[in-house]
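Numbering (our numbering), first residue to last: 47 to 118.
Structure representation (structure tokens):
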């Protein structure tokens, strides 16, 4: 398998990179994380807290406002 990129961790930066690679480059990429599922930031917020992210603070809007992954 030919890979364009290998990322370590599935945090916001690598998720953004994965979106951009998938849309713009369309080549193989591998992202590795120690967790088997995505949990955001476990233990860093109150149990009753909700994630509040502005429309321009998603993974790709500032780089590509026409992305399929944008909130806009």
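For each residue, glycine too, the CB sits at the ideal point set by N, CA and C.
Spanning the alpha carbons of residue 112 and residue 59 requires a straight line of approximately 19 Å. In this structure residue 65 touches residue 105 by the C-beta definition: roughly 5 Å separates them, less than 8 Å. In chain order, 55, 56 place their CB closer than 7 Å to the CB of residue 79, counting only its own chain and leaving out the 5 sequence neighbours on each side. Proximity to residue 103 across 93, 82, 118 peaks at 118, based on C-alpha coordinates. Shown here, residue 61 sits in a helix according to DSSP, grouped into three states.
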